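Just below is one structure, and these are the notes that go with it.
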Amino acid sequence: MPPLIEPFRIKVVEPIRFTTRPEREELLQRAHYNVFRLRSEDVLIDLLTDSGTAAMSDRQWAALFQGDEAYAGARSYYRFEEVVHSLTGMPYIFPVHQGRAAERILCALFGRAGTVIPSNSHFDTTRANIDYTGAQAVDLPIPEALSPTSDHPFKGNMDVERLEALIHEVGPERIPLCLLTLTNNTLGGQPVSLGNIRAVKAVLSRYGIPLFLDACRYAENAYFIKLREPGYADRTPLEIAREIFALADGCYMSAKKDGLANIGGFLAVRDAALADRIRQLLILWEGFPTYGGLAGRDLEAIAQGLLEALQEEYLYYRIHSVAHFATALRRAGIPIVEPPGGHAVFIDAARFAPHIAPEQFPGQAIVCALYLQAGVRAVEVGSLMLGKRDSRGVHIAPPLELVRLAIPRRVYTQSHMEYVAEALAELYSQRHSLRGFRLRNEPPFLRHFTAELEPL
Ligand code: F0G
């Protein structure tokens, strides 16, 4: 085992700004208790997301200079295409400006009222894109995924029996595709096993339903397979990733995660006729097929990043440093989703603040208190992000109330994370004083990004 230290040294630094508690009280009030409305300069350690926040390597920065900015046929596209093709095996590869652009195109081609799109768990932008077409997004996680204390090694798995039951219930002709999200972000950054992907594919093949992967954290998922799935310990993350993609009919990826890039993504498919239809929408919404909403330099940075994210030393550090942070929280008694995920540690807000009802957003209470306490920004993944209302306006809570501490790739050192763990331990000792929130306004979809709240 290599030592558990950052496998890089720091060449460029970016100062972070310290604020006082009275300043943060005012800043949070002005942000209407929604941390998406804070300025990043007012945040000391930003664990809002691991998306687009990675530190690029010296080789990625060098690659930027090689960007070919030609409108059509840019060299950078062909380099990008070669890397994505060698990873996924897919013959048709379309760059997009980020993951949700791929979701929009896929949903426009496959989704309409009356159709159903199952997943292990849809991410919020995926669900919103599906809803927008009138189709229905259905989550089919295994039961263990809904138990924060279960230490099942592959809590990202899809419930294959429920998938089959769903196909029987609605009919295969109403299921235009099935998605698997690697890793399952919404339920804790949990991996999907190769055994499960194979089983899902076998069921879908019987009914002629295509399998698509939301592969934005494919490298972390591949590494979990290496660590946890029998028979894979001696395989490289690249070999495992190739085996995963070989089972899919198509995939899309937000390169802002395991692409180690600050922007970008792609959509890739095997079917030529489908590729023709994608190309038309890509030109309409994103750009010419050899840049798809990105600059040539972005394509270069992604091509390099996709390779770096599969390096074993990097993945060892990545997965183990997240686990190390989880250990510090566990030691302080803080209830977390077990086992810790690949890109984040999730706090079980329902157990952290059981005195706050779901409709008063226990996760948001923790997020706000953590900012006030330490200048650390986390994100609620619970009733605020995923909750709904029934026709009478009564709150329908999602299965879990979580707070996500997402860890940007290669950005924060161990001492930064120790500081966060100490702040959370302090907060946990005062948890009985946390108070809930009420919504002041409610945008119609993806409300958590812009909603205004007030403390109760
Ligand atoms: N799918 C998953 C599983 C994601 O986590 C995200 C983004 C997307 C799709 C959409 O990609 O942002 O490039 O359009 N997740 C970010 C997050 C926003 O914070 O987890 P995008």
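What the sequence shown shows, in the working numbering, is residues 180 to 635, in sequence order. Each residue gets a CB set at the ideal place from its N, CA and C atoms; glycine is no exception. Quantities reported herein were computed from a predicted structural model and do not represent experimental measurements.
- Under DSSP, Tyr271 shares a beta bridge with Val448.
- Leu473 sits in coil when the DSSP states are folded into three classes, being neither helix nor strand.
- Around Asp229, the same chain offers Lys436, His522, Ala523, Ala585, Ile586, Pro587, Arg588 as residues with beta carbons nearer than 8 Å, after the five sequence neighbours per side are excluded.
- In this structure, Ile423 sits away from Tyr411, with a CB-CB distance that is not shorter than 7 Å.
- Taking Tyr311 as reference, the option from Ile321, Ala292, His301 with the minimal CA-CA separation is Ala292.
- Boundaries of the beta strand (DSSP E) harbouring Thr360: 357-360, taken from the DSSP string.
- In this structure, DSSP gives Pro322 a helical state, which the three-state scheme calls helix.
- Judged by their CB atoms, Leu606 and Ala548 are nearer to each other than the 7 Å cut-off.
- Secondary structure of Met337 (DSSP, three-state): strand.
- Beta bridge pairing from DSSP links Leu584 with Val524.
- By the C-beta density criterion, His627 is buried, having at least 16 other C-beta atoms within 10 angstroms.
- Taking a cut-off of 8 Å for Cβ pairs, the segment 252-259 and the segment 455-474 touch, as three or more such pairs fall below it.
- Inclusion of Gly429 and Phe391 in the CB contact set at 7 Å is warranted, their separation being smaller than that value.
- Inter-residue distance for Arg203 and Arg396 is about 33 Å (C-alpha atoms, whole angstroms).
- Distance from the CA of Pro533 to the CA of Phe616, rounded to the nearest whole angstrom, comes to 14 Å.
- Pairing Asn375 with Gly231 gives a Cβ-Cβ distance that is not under 7 Å.
- Fully enclosed beta strand (DSSP E) runs of no fewer than 3 residues are not present anywhere in the segment 500-524.
- Listed in chain order, the non-local C-beta contacts of Thr415 below 6 Å within the same chain number zero, local neighbours out to five positions each way being set aside.
- Contact between the segment 284-299 and the segment 343-355 is established, with three or more Cβ pairs separated by less than 8 Å.
- Boundaries of the alpha helix (DSSP H) around Cys547: 541-553.
- Ser433 carries a strand assignment under DSSP once its states are collapsed to helix, strand and coil.
- Note on geometry: alpha-carbon atoms of Asp450 and Gln315 lie some 24 Å from one another.
- The shortest CA-to-CA distance from Pro519 to any of Val275, Val317, Ala502, Ile513 is the one to Ala502.
- About 6 Å separates the beta carbons of Leu366 and Pro320, which is inside the 8 Å limit, making them a contact pair.
- Note on geometry: alpha-carbon atoms of Glu559 and Val214 lie some 9 Å from one another.
- Taking Thr629 as reference, the option from Leu579, Glu580, Thr198, Ala210 with the minimal CA-CA separation is Ala210.
- Shown here, Pro297 sits in a strand according to DSSP, grouped into three states.
- Straight-line spacing of the CA atoms in Leu463 and Ser500 works out to 42 Å.
- When DSSP reads this structure, His574 sits in a beta bridge with Arg568.
- Here Pro634 carries a strand assignment [DSSP, helix/strand/coil].
- Here Ser562 really is in contact with Pro537; their C-beta atoms are around 5 Å apart, less than 8 Å.
- Taken from the Cβ of Lys435, at least one heavy atom of the ligand F0G lies inside 6 Å.
- A heavy atom of the ligand F0G is found nearer than 6 Å to the CB of Arg279.
- Phe616: member of the beta strand (DSSP E) spanning 616-618, first to last residue.
- The C-alpha of Leu361 is placed about 15 Å away from the C-alpha of Leu417.
- Using a 10 angstroms sphere on the CB of Lys334, the tally of other CB atoms reaches 16 or more, which defines it as buried.
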